[in-house]
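Data first, discussion second: the structure below is written as structure tokens.
Number of protein chains: 2
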Amino acid sequence: MKRVTIYDVAKEAGVSLATVSRVINGLEIVREETRLKVEAAIDKLGYKPNAIAQGLALSKSTNIALVVPEASFGYTGQIINGLIDVAKIYKYNIILHTMSEGIVEIKDIVDEIIKSRVDGVIIYNDKLLEKEMAEFSKYDFPIVIIGNRISDDNIASVFVDIENAVYELALGKLQENENCRVGVIQDRVNDFTTREMIRGVQKAYKEMGIEEDGYIEIPAEYRRSYDYFNDSIKDLPYNFLIANRDSQAIAALNAAKENGLSIPEDVEIVCLIDSKYNNMVRPRLSSFAIPSYDLGAVAMRVLTKMLHDEEIDDREIELSYLFTKRSSTKS
Amino acid sequence: MKRVTIYDVAKEAGVSLATVSRVINGLEIVREETRLKVEAAIDKLGYKPNAIAQGLALSKSTNIALVVPEASFGYTGQIINGLIDVAKIYKYNIILHTMSEGIVEIKDIVDEIIKSRVDGVIIYNDKLLEKEMAEFSKYDFPIVIIGNRISDDNIASVFVDIENAVYELALGKLQENENCRVGVIQDRVNDFTTREMIRGVQKAYKEMGIEEDGYIEIPAEYRRSYDYFNDSIKDLPYNFLIANRDSQAIAALNAAKENGLSIPEDVEIVCLIDSKYNNMVRPRLSSFAIPSYDLGAVAMRVLTKMLHDEEIDDREIELSYLFTKRSSTKS
DNA sequence: TTGAAAGCGCTAACAC
DNA sequence: GTGTTAGCGCTTTCAA
Numbered sequence: 000m001k002r003v004t005i006y007d008v009a010k011e012a013g014v015s016l017a018t019v020s021r022v023i024n025g026l027e028i029v030r031e032e033t034r035l036k037v038e039a040a041i042d043k044l045g046y047k048p049n050a051i052a053q054g055l056a057l058s059k060s061t062n063i064a065l066v067v068p069e070a071s072f073g074y075t076g077q078i079i080n081g082l083i084d085v086a087k088i089y090k091y092n093i094i095l096h097t098m099s100e101g102i103v104e105i106k107d108i109v110d111e112i113i114k115s116r117v118d119g120v121i122i123y124n125d126k127l128l129e130k131e132m133a134e135f136s137k138y139d140f141p142i143v144i145i146g147n148r149i150s151d152d153n154i155a156s157v158f159v160d161i162e163n164a165v166y167e168l169a170l171g172k173l174q175e176n177e178n179c180r181v182g183v184i185q186d187r188v189n190d191f192t193t194r195e196m197i198r199g200v201q202k203a204y205k206e207m208g209i210e211e212d213g214y215i216e217i218p219a220e221y222r223r224s225y226d227y228f229n230d231s232i233k234d235l236p237y238n239f240l241i242a243n244r245d246s247q248a249i250a251a252l253n254a255a256k257e258n259g260l261s262i263p264e265d266v267e268i269v270c271l272i273d274s275k276y277n278n279m280v281r282p283r284l285s286s287f288a289i290p291s292y293d294l295g296a297v298a299m300r301v302l303t304k305m306l307h308d309e310e311i312d313d314r315e316i317e318l319s320y321l322f323t324k325r326s327s328t329k330s
Numbered sequence: 000m001k002r003v004t005i006y007d008v009a010k011e012a013g014v015s016l017a018t019v020s021r022v023i024n025g026l027e028i029v030r031e032e033t034r035l036k037v038e039a040a041i042d043k044l045g046y047k048p049n050a051i052a053q054g055l056a057l058s059k060s061t062n063i064a065l066v067v068p069e070a071s072f073g074y075t076g077q078i079i080n081g082l083i084d085v086a087k088i089y090k091y092n093i094i095l096h097t098m099s100e101g102i103v104e105i106k107d108i109v110d111e112i113i114k115s116r117v118d119g120v121i122i123y124n125d126k127l128l129e130k131e132m133a134e135f136s137k138y139d140f141p142i143v144i145i146g147n148r149i150s151d152d153n154i155a156s157v158f159v160d161i162e163n164a165v166y167e168l169a170l171g172k173l174q175e176n177e178n179c180r181v182g183v184i185q186d187r188v189n190d191f192t193t194r195e196m197i198r199g200v201q202k203a204y205k206e207m208g209i210e211e212d213g214y215i216e217i218p219a220e221y222r223r224s225y226d227y228f229n230d231s232i233k234d235l236p237y238n239f240l241i242a243n244r245d246s247q248a249i250a251a252l253n254a255a256k257e258n259g260l261s262i263p264e265d266v267e268i269v270c271l272i273d274s275k276y277n278n279m280v281r282p283r284l285s286s287f288a289i290p291s292y293d294l295g296a297v298a299m300r301v302l303t304k305m306l307h308d309e310e311i312d313d314r315e316i317e318l319s320y321l322f323t324k325r326s327s328t329k330s
């Protein structure tokens, strides 16, 4: 089908293109009769406005760039869901950018995003450092960061206070039993989150006057955390493990079971991000319910507010978490 | 930062915008000296070409629309990964569209896609019916379908012969033991795949001269397949279950274990789509390794070929699968 | 090798 | 109410 343009519609309806434009955009100053004529022509020709041309004329694209870490959609998925659901409401499209570790130059992504002249950017990614952020902010589109407390003139953020979540959990455990040893499992693909978790435990230890670090670093030679735990879990000086993602928690859980430890008696395990799989493994994994869907939805909502110059009461939006006790923890 | 345009660069470099355009696009007919001047100006001003304007001028957007089923990225993720990885190579952006069951009108999505004037579409979705396909094909962009054998003038497809995979598996089992009863678990969000699986078992039964249907329909009142299996697995007339997605296989597996059945002795379970979780549950799930990443990568590659009018030997590309035996099946 | 100018499809003043 | 016209930022003939 030959691409039909606004001119074709105008000719078909016997009006000027300006009138067609008015009809398309629902401006009220068009006479009923004319509008009907135009609409009939639109239907007849199957005309759909060219968003690119509109974008050029209006200097906006109704596209949003979303940057997520390497494409492990397992734990990114809910965020994307939330994002897309509200993006649809406000008629924005999502251009998806992933950062496969090391393979793609961050600079290239930033470049692509700028060239594509999106109206805004949502970033859920530890690895986008200040340098890149600075690059972005030279162009004046609004940015929303997920998972990281930050804000600025045209930067907002939506996050959960993970440090505090971990802190409260660890503190509770330590108060219950001073001999409990809480350890945080490193998440290689989420440095920032890992650091937050560590700060949480450390704060708890400190508050209890215990000299302990609480950081379980996964040596680089282990490609899968399961292998690491299989080799080491019996010797680990921790009996309460906190992991960020389900796969890591499950790895620890399986390794523990298979090395003769019972859960939660010998080792307790908690997962930060909730996923359906936490509920599918046995014993079921206790977990925080980091509201991933909401993180995405709220981020997108805030972005639309920035885009429409609506009032925003707070550019640093903290969402609350919930702890869901299942069978991998005591009491 | 004021958006810098090609005019700004031209003025800065003391040349015309046509020359700047030539430099940007790497056309050889620019004198070295001039090119250097222009490049210096580009650097100095931090100019990045406006992809929207380029799009208008060239009537192409370098954007690809990707349509995936409701946003359960768990099993869509690998496909998206593959897609994006090769999209990057060819400098295409991915606009992501999801179809949350029932909530979004398919028509609206088609509409959005057409308005956005993407260069091509990749669809991984059972629910996009012929009606919508027809709508798409009125506009002349190329389409690649994932998971479904189909082709046409500007439609190609990349898929795995699931019917055959299931057929071979079922046949082998039945030949081994005529009393074995193979059942396919309905996947509500993937009608097409479900039907293919059913045809596979039915063909095997038929070939063995056995009067059996092999379809395990999950009644609508069960929101989670786990609940259904918990209620029914002991009475199910099947001892060899085939599920499409990991979560369904795991549901059956958990329900079986918890109802006193042992795996694989009493019930065997196989999952079609492989995921890391298949390897994380106990017993580990035997599974086909449907090459999801490759499905995405190949789909995108084919699309680029169509976009660049390259020769395509086959518009129906069948990818092969592998069966990975783990602990949820015998022998 | 470079510049001038038309055109991609649309919006938004500004006239009428 | 409706039409005319000047952009939006870029590519691409066609001339020079």
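Chains A and B supply the protein sequences, listed in that same order.
Position 327 of the first sequence, counting from 1, maps to 326 under numbering that gives the first Met the number 0, and the rest follow consecutively.
Position 227 of the second sequence, counting from 1, maps to 226 under numbering that gives the first Met the number 0, and the rest follow consecutively.
Ideal Cβ positions, reconstructed from N, Cα and C, are used throughout, including at glycine.
Please read these numbers as outputs of a predicted model, since none were measured by experiment.
| Item | Value |
| --- | --- |
| Determine, using beta carbons only, whether B/ARG244 comes closer than 8 Å to chain A. | no |
| What residues are listed by DSSP as bridge partners for B/TYR214? | B/VAL183 |
| By the 10 Å Cβ neighbour count, where 16 or more other Cβ atoms means buried, how is B/ALA133 classified, buried or exposed? | exposed |
| Is it buried or exposed, B/ARG2, if we count other Cβ atoms within 10 angstroms and call 16 or more buried? | exposed |
| Please name the residue, chosen from A/VAL143, A/TYR6, A/SER58, that lies closest to A/VAL67 on a Cα-to-Cα basis. | A/VAL143 |
| Check whether chain B comes within 8 Å of A/LEU306, counting only Cβ atoms and requiring the distance to be less than that. | no |
| Listing by chain order, which chain A residues have their CB less than 8 Å from the CB of B/LEU173? | Correct list: empty, because the minimum Cβ distance to chain A is about 30 Å. |
| Does any CB atom of chain B fall closer than 8 Å to the CB of A/LYS36? | no |
| I'd like to know if B/MET350 contacts chain A, where contact means its C-beta is closer than 8 Å to some C-beta of that chain. | Limits of chain B in this structure are 0 at one end and 330 at the other, which puts residue 350 of chain B out of reach. |
| If you run the structure through DSSP and keep just helix, strand and coil, what is A/SER15? | coil |
| Going by the beta-carbon positions, is the gap between B/ILE241 and B/TYR214 smaller than 8 Å? | no |
| Using 8 Å as the threshold, is the C-beta distance between A/TYR292 and A/GLY146 below it? | no |
| With DSSP as the reference, please indicate the residues paired to B/ASN92 in a beta bridge. | B/ASN62 |
| Cα separation between B/VAL301 and B/ASP118? | 13 Å |
| Could you pull the DSSP bridge partners for B/PRO68 from this structure? | B/MET98 |
| Relative to the C-alpha of A/ALA64, which candidate in A/LYS205, A/ARG283, A/GLU211, A/ILE94 has its C-alpha closest? | A/ILE94 |
| Closer than 8 Å, CB to CB, is B/ASN24 near chain A or not? | no |
| Rounded to whole angstroms, what's the CA-CA distance from A/ASP139 to A/GLU129? Just pull it up for me. | 16 Å |
| Return helix, strand or coil for B/THR323, following the three-state DSSP convention. | strand |
| By Cβ distance, which residues of its chain are closer than 6 Å to A/ILE108, with the 5 residues on each side in sequence left out? | HIS96 |
| Specify the secondary structure class of A/GLY199 as computed by DSSP and reduced to three states. | helix |
| Spatial neighbours of B/ILE23 within its chain, please: CB distance less than 6 Å, with the 5 preceding and 5 following residues excluded, ordered by chain position. | PRO48 |
| Kindly indicate if chain A contains any beta-carbon less than 8 Å away from that of B/LEU55. | yes |
| Quick test of your reading: A/ARG180 and A/PHE239, contact by CB under 8 Å. State the CB separation rounded to the nearest angstrom. | 7 Å |
| Determine, using beta carbons only, whether B/ARG324 comes closer than 8 Å to chain A. | Here residue 324 of chain B turns out to be Lys, not Arg, going by the sequence shown. Not an interface residue. |
| The beta strand (DSSP E) that contains A/GLU369, what's its start and end? | A query on residue 369 of chain A cannot be resolved here, the shown segment of chain A reaching from 0 to 330 and no further. |
| Strictly below 8 Å CB to CB, what residues from chain B border A/ILE113? | LYS47 |
| Quick one: grab the DSSP three-state call for A/LEU260. | coil |
| Please look up how many angstroms separate the CB atoms of A/ILE268 and A/ALA248, rounded, as I've assumed it's under 8 Å. | 5 Å |
| Verify the CB distance criterion: does A/SER99 have a CB-CB separation below 8 Å to chain B? | yes |
| Do you know offhand how far B/ILE290's Cα is from B/PHE158's? | This sequence places Pro at residue 290 of chain B; Ile is not what is there. B/PRO290 and B/PHE158: Cα-Cα distance of roughly 9 Å. |
| Return the first residue and the last residue of the beta strand (DSSP E) that A/ILE142 is part of. | 142-145 |
| I want to check one thing, is the minimum distance from the CB of B/VAL269 to the heavy atoms of the ligand ATP below 7 Å? | Among the ligands in the structure shown, none appear at all, so the ligand ATP cannot be discussed. |
| Below 6 Å CB to CB, which residues in the same chain sit around B/ILE5 once its five sequence neighbours on both sides are set aside? | LEU16, VAL19 |
| According to a CB-to-CB cut-off of less than 7 Å, which residues of the stretch 291-305 of chain A neighbour chain B? | none |
| Touching or not, the stretch 157-173 of chain A and the stretch 202-211 of chain A, by the rule of three or more beta carbon pairs under 8 Å? | yes |
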